Amino acid sequence: MFDINNVNQTTLDFFREIENIGAGHAATALSMMTGRQITISVPRAQLCGYNEITHIMNGPENVVVGLLVGISDDLRGFILLVLDLNDARVLGSTLLGEPIENVSEDGEFSEMQVSALREVANILIGSYITAISELTGLRINASVPELVVDMAGAVMNLLAAAYGEYGDHVLFLETQFSDQGQCLYGHFFLIPEIESYQTLLTKMGIS
1 MFDINNVNQT
11 TLDFFREIEN
21 IGAGHAATAL
31 SMMTGRQITI
41 SVPRAQLCGY
51 NEITHIMNGP
61 ENVVVGLLVG
71 ISDDLRGFIL
81 LVLDLNDARV
91 LGSTLLGEPI
101 ENVSEDGEFS
111 EMQVSALREV
121 ANILIGSYIT
131 AISELTGLRI
141 NASVPELVVD
151 MAGAVMNLLA
161 AAYGEYGDHV
171 LFLETQFSDQ
181 GQCLYGHFFL
191 IPEIESYQTL
201 LTKMGIS
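Per the numbering used here: the sequence shown = residues 1 to 207.
Here it is in C-alpha cells:
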C-alpha cells in the first residue's frame with residue numbers, strides 16, 4: 001500500500017518532471033494568450049506536513065487565492081493551485097491586458113478577473129494532467145476550477161479535511177512564473193486518493 005508519509009526522492013523527481021513537461025505547454029499557451037514571453041518552471045518538489053503549509057504561504061493570516069480542481073476517471077482526487085493575493089492580481093491583469101490598479105487589492109475580483117484566474121488554473125492544471133495522460137495512458141477528467149479567496153490557514157484546513165485521513169503530508173510543487181524579468185510563485189498541491197497514487201506510480205514502473 002502506498003504511504004504518502006514515506007515518498008522517496010525518485011518519486012518526487014518523477015512528479016517534478018511531469019510538472020516541468022506540463023509547465024512548458026502551459027507557458028506556450030499563456031504566451032500566445034497575452035502576446036508576452038512567459039516562462040514557467042518548477043524549482044522544487046517536496047513533501048510537506050500540514051503544519052508547514054502556512055509557512056510556505058507566508059503565514060496563516062496571509063490572504064491567498066486558491067483554485068481547486070477535481071480530477072476523476074482513472075485518477076481521482078484534487079489539484080490545488082494557491083497564489084499569493086498580489087501575484088494573483090498581477091496574473092489577472094497580465095491576462096486581461098489591464099493595469100494592476102484595476103484589480104482589487106482585497107480579493108474582490110470582477111467577473112472577468114475571476115474568469116482570467118480560472119483560465120490560468122485550466123491551462124496549468126490541464127497541461128499537467130495532459131502530461132500524465134500522455135506518459136501513462138490513463139484517462140483523467142478535470143472539473144471547472146473553484147476559486148476561493150481566504151487566509152492561508154483556512155486553505156490549510158481545506159487540504160487537511162480533503163486528505164488528512166491518508167497521512168500527515170501532501171505533495172507540494174513550487175511553480176515559478178516569469179514575465180519580462182518579473183517572477184511570481186504558485187503553490188501547486190497534488191491530492192489524489194491513495195489508490196490513485198499507487199495506480200500512477202505502477203503505470204510509471206515506480207514502486
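By construction, the Cβ of each residue, glycine as well, lies at the ideal position given by its N, Cα and C atoms. For clarity, every value in this text was computed on a predicted model and none was experimentally measured.
With contacts defined by Cβ atoms closer than 7 Å, I38 and A142 do not form a contacting pair. The segment 18-33 makes no contact with the segment 101-114, as fewer than three CB pairs between them are under 8 Å. Counting C-beta pairs closer than 8 Å gives fewer than three between the segment 109-129 and the segment 42-57, which falls short of the contact rule. DSSP places L75 in the coil class of the three-state scheme, outside both helix and strand.
By the 16-neighbour rule on beta-carbons within 10 angstroms, D73 is exposed. For E134, the closest of L190, M204, M33 and D13 by C-alpha to C-alpha distance is M204. With 16 or more neighbouring CB atoms inside 10 Å of its own CB, P192 falls in the buried class. A contact between stretches requires three or more CB pairs, one per stretch, nearer than 8 Å, and the segment 180-198 fails this requirement with the segment 95-103. For L83, the closest C-alpha among the options G77, R76 and L91 is that of L91. Pairing V64 with V149, the inter-Cα distance amounts to about 6 Å.
For F172, the three-state secondary structure derived from DSSP is strand.
The beta carbon of E174 sits closer than 6 Å to the beta carbons of P43 and R44 from its chain, once the five residues preceding and following it are set aside; these are given in chain order. For L159, same chain residues with a beta-carbon under 8 Å away, outside a window of 5 residues either side, are Y50, I53, L80, V170, F189 and I191 in chain order.
Per DSSP, the unbroken beta strand (DSSP E) holding G49 starts and ends at I38 to G49. Boundaries of the beta strand (DSSP E) around L190: Q182 to P192.
Per the C-alpha coordinates, the member of L67, L184 and T202 positioned closest to A116 is L67. Of the other Cβ atoms in all chains shown, fewer than 16 fall within 10 Å of the Cβ of D13; this residue is therefore exposed.
CA-CA distance, L85 to Q113, rounds to 13 Å. In terms of Cβ geometry, Q176 and S41 form a close pair [threshold 7 Å].
The Cβ atoms of P60 and G153 sit closer than 7 Å to each other.
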